[in-house]
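Peer 1: This is the structure, below, for whatever I ask next.
Chains as they are written, first to last, in the numbering used here: chain A, 1 to 315; chain B, 316 to 580.
Next comes the structure, spelled out in structure tokens:
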């Protein structure tokens with residue numbers, strides 16, 4: 001199949017008639033929820049969402065405010081959008097190196113891209129976004145870079161907590177938090193507590209995360225449950241493992257439907273190893289700081305096209 | 316004058332100020348379709364280029380694709396959609412191709428275990444009398460590991476993946492309780508990744524971590540390939556099994572040989 005020679009098959013651009021500057025955008029986004037027991041989609045008519053804007057920090061958020069039409073690109077069908085998108089935000093350092101700037105500039109640019117992606121995900125009705133911010137292997141990077149990243153995470157959390165509350169973003173932090181600086185641990189816990197009742201979108205940030213460590217921890221938790229008499233050892237199934245994974249902080253959609261990796265690498269790198277069994281993989285050459293709206297639309301369109309061509313979801 | 320019955324047609328000239336936006340719309344529409352045409356032509360050109368490239372690779376005209384450097388490729392995994400896995404002719408052709416390229420260790424996977432029943436049975440009957448003795452470490456894998464010509468072929472399914480981890484969890488608990496009773500005090504379980512790896516080995520769900528994984532099927536996902544073994548595996552979607560091409564495999568191997576992994580550092 002020639003298309004396999006590309007990272008992703010070329011899109012049918014005849015259907016790609018979107019331009020934010022030329023064409024009008026579509027109306028209501030219809031929120032659907034999946035009935036896990038009956039494998040049916042229950043469609044709920046939902047009034048058009050309020051236009052969220054992370055940058056419009058001056059606009060007050062009021063529940064009784066009149067909702068505007070959702071800004072969904074015309075060829076993206078709301079019923080075929082992934083509910084949970086995962087992203088491996090790769091390429092910050094290479095982006096910086098290509099521009100002759102320090103890697104810290106790359107990470108800062110990467111943060112701005114993330115901010116934009118969260119905004120777009122909110123607009124388009126993506127229910128959960130999991131981002132791979134820092135892996136357990138990243139601790140071996142130069143100390144200066146690691147310290148900068150920890151400081152960046154702290155700054156971002158401090159500065160954005162107001163926006164999280166305004167925009168209804170629920171934050172979950174997964175990974176081995178014991179390795180993080182004390183101040184960051186405390187701040188992360190505070191942000192998670194303050195945003196736990198938000199419902200607009202779940203943003204899971206993987207910091208000091210390892211897929212294997214997550215599975216190991218799940219096995220440990222199960223062993224403790226057996227020891228406490230809550231479970232028999234012969235009754236342990238894969239469902240029990242799944243229940244103990246950290247991504248169960250969003251019980252409705254713990255497994256990502258679509259996983260995007262930037263910068264041209266074609267691997268998971270110890271990210272969501274268990275959860276990605278049936279996840280559509282989208283690899284792009286673009287470095288993360290350059291990943292924009294058009295790239296996101298391309299990934300979502302590619303997901304949609306694969307859904308349309310190949311019938312029902314594998315899981 | 317009966318105003319109710321009379322139809323009066325009045326020609327209202329379109330004011331100049333409304334004509335310009337219409338012309339502008341037409342021009343923008345034309346530009347948009349022109350852009351579409353250019354993008355479609357570009358992709359057609361790209362497809363033709365790929366066809367040509369495949370042909371050239373198949374003819375052996377590209378030297379760099381003739382001598383593949385496969386030092387980094389210790390094991391290759393092939394994930395096949397279970398429906399497509401029923402096409403045993405194609406699977407066998409694929410194995411021949413991979414053998415001709417020089418792959419030494421192949422892990423064949425499909426969710427429902429179709430390959431175990433078809434290819435596994437064929438390989439078992441072929442190699443029953445001449446199977447290379449497996450080492451003690453491989454003893455538990457002997458039922459799904461075959462040596463064929465110069466290749467070792469491991470055939471696995473979903474039961475070796477997530478279900479394997481569940482068995483490992485049960486094994487870990489048993490081992491922990493054994494240790495607890497020996498030490499005579501109750502401690503909290505504290506497992507490491509090595510413990511899980513050893514448990515997977517003990518329960519027969521361990522195996523080589525593939526360096527490269529080829530996915531054949533409509534879906535661009537690994538379909539539940541054992542999660543523990545996928546940590547740094549390069550994943551390439553090859554399209555449908557019925558459309559597989561030798562040149563595409565060669566190109567993928569060549570591209571893989573040029574890859575550099577920094578493992579997060």
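C-beta atoms are modelled at their ideal positions from N, C-alpha and C, and glycine is treated no differently.
Return the CA-CA distance between residue 283 of chain A and residue 306 of chain A, expressed in angstroms with no decimal places.
Peer 2: 14 Å
Peer 1: Of all the CB atoms in chain A, is at least one closer than 7 Å to the CB of residue 564 of chain B?
Peer 2: no
Peer 1: Exposed or buried, which one is residue 577 of chain B when buried takes at least 16 other CB atoms within 10 Å?
Peer 2: Counting the other CB atoms within 10 Å of its CB gives residue 577 of chain B a total below 16, which places it among the exposed residues.
Peer 1: Could you work out which residue in A/196, A/229, A/247, A/270 is closest to residue 546 of chain B when comparing CA atoms only?
Peer 2: A/270
Peer 1: Assuming residue 565 of chain B is part of the beta strand (DSSP E), what are its boundary residues?
Peer 2: Careful: residue 565 of chain B lies outside any beta strand (DSSP E), inside the alpha helix (DSSP H) at 561 to 572.
Peer 1: Mapping DSSP to helix, strand and coil, what is residue 101 of chain A?
Peer 2: coil
Peer 1: Per the DSSP calculation, residue 130 of chain A is bridged to which residue(s)?
Peer 2: Residue 130 of chain A is bridged to A/86, A/204.
Peer 1: In the DSSP assignment, find the unbroken beta strand (DSSP E) run with residue 553 of chain B in it and report its ends.
Peer 2: 549 to 554
Peer 1: List, in order along the chain, the chain A residues whose C-beta lies closer than 9 Å to that of residue 506 of chain B?
Peer 2: Those are 216, 217, 219, 220, 223, listed as they occur along chain A.
Peer 1: Determine the direct distance from the alpha carbon of residue 478 of chain B to that of residue 492 of chain B, and round the result to whole angstroms.
Peer 2: 22 Å
Peer 1: Using CA coordinates, which residue listed in A/223, A/98, A/265, A/164 is at the minimum distance from residue 190 of chain A?
Peer 2: A/164
Peer 1: Using the beta-carbon of each residue, which ones in chain A are nearer than 9 Å to residue 536 of chain B?
Peer 2: 259, 276, 277, 278, 279, 280, 281, 314
Peer 1: Can you find the residues in the same chain that come closer than 6 Å, C-beta to C-beta, to residue 219 of chain A, ignoring five residues on each side of it along the sequence?
Peer 2: none
Peer 1: Taking three-plus beta-carbon pairs below 8 Å as touching, is the region 80 to 93 of chain A in contact with the region 162 to 181 of chain A?
Peer 2: no
Peer 1: Can you say whether residue 469 of chain B is buried or exposed, counting buried as having 16 or more other CB atoms within 10 angstroms of its CB?
Peer 2: buried
Peer 1: Residues of the region 235 to 246 of chain A with a CB closer than 8 Å to any CB of chain B: list them in chain order, please.
Peer 2: 236, 237, 238, 240, 241
Peer 1: Could you check whether residue 86 of chain A and residue 272 of chain A sit closer than 7 Å to each other, using their CB atoms as the reference points?
Peer 2: yes
Peer 1: Do you know whose CA, among B/348, B/384, B/426, lies nearest residue 540 of chain B's CA?
Peer 2: Per the Cα distances, B/426.
Peer 1: Is residue 548 of chain B near the ligand MN - that is, is its Cβ less than 6 Å away from at least one heavy atom of it?
Peer 2: Looking for the ligand MN in the displayed structure turns up nothing, as the structure carries no ligands at all.
Peer 1: If the cut-off is 7 Å on Cβ atoms, which residues from the region 143 to 176 of chain A count as contacting chain B, listed in chain order?
Peer 2: Taking 7 Å as the Cβ-Cβ cut-off against chain B, none of the residues of the region 143 to 176 of chain A qualify.
Peer 1: Would you call the region 104 to 112 of chain A and the region 173 to 182 of chain A touching, i.e. three or more CB-CB distances under 8 Å?
Peer 2: no
Peer 1: Would you give the residue range spanned by the alpha helix (DSSP H) that residue 145 of chain A belongs to?
Peer 2: 143 to 167
Peer 1: Have a look at residue 553 of chain B and residue 483 of chain B and give me their C-alpha separation to the nearest angstrom.
Peer 2: 32 Å
Peer 1: For residue 387 of chain B and residue 415 of chain B, I'd like the C-alpha separation in whole angstroms.
Peer 2: 17 Å
Peer 1: Are the region 254 to 268 of chain A and the region 194 to 203 of chain A touching, with three or more C-beta to C-beta distances below 8 Å?
Peer 2: no
Peer 1: Are the region 242 to 252 of chain A and the region 207 to 227 of chain A touching, with three or more C-beta to C-beta distances below 8 Å?
Peer 2: yes
Peer 1: Touch check for the region 521 to 531 of chain B and the region 552 to 571 of chain B: three-plus C-beta pairs under 8 Å?
Peer 2: yes
Peer 1: Is there a C-beta anywhere in chain B that falls below 7 Å from the one on residue 92 of chain A?
Peer 2: no
Peer 1: Confirm, please, whether the CB-CB distance from residue 157 of chain A to residue 187 of chain A is below 7 Å.
Peer 2: yes
Peer 1: Looking at the C-beta of residue 212 of chain A, does it have a partner C-beta in chain B at a distance below 7 Å?
Peer 2: yes
Peer 1: Nearest by alpha-carbon distance to residue 135 of chain A: which of A/210, A/192, A/84 is it?
Peer 2: A/210
Peer 1: Out of B/472, B/366, B/347, which has the shortest C-alpha to C-alpha gap to residue 563 of chain B?
Peer 2: Nearest of B/472, B/366, B/347 to residue 563 of chain B, Cα basis: B/366.
Peer 1: Find out if the Cβ-Cβ distance for the pair residue 113 of chain A, residue 274 of chain A is shorter than 7 Å.
Peer 2: no
Peer 1: Under 7 Å, Cβ to Cβ, is there at least one residue of chain B near residue 270 of chain A?
Peer 2: yes
Peer 1: Could you please give me the residues that DSSP links to residue 420 of chain B through a beta bridge?
Peer 2: B/467
Peer 1: For residue 233 of chain A, go through chain B and note every residue whose CB falls closer than 7 Å to its CB, in chain order.
Peer 2: Neighbourhood of residue 233 of chain A in chain B, by CB distance below 7 Å: 485, 488, 489, in chain order.
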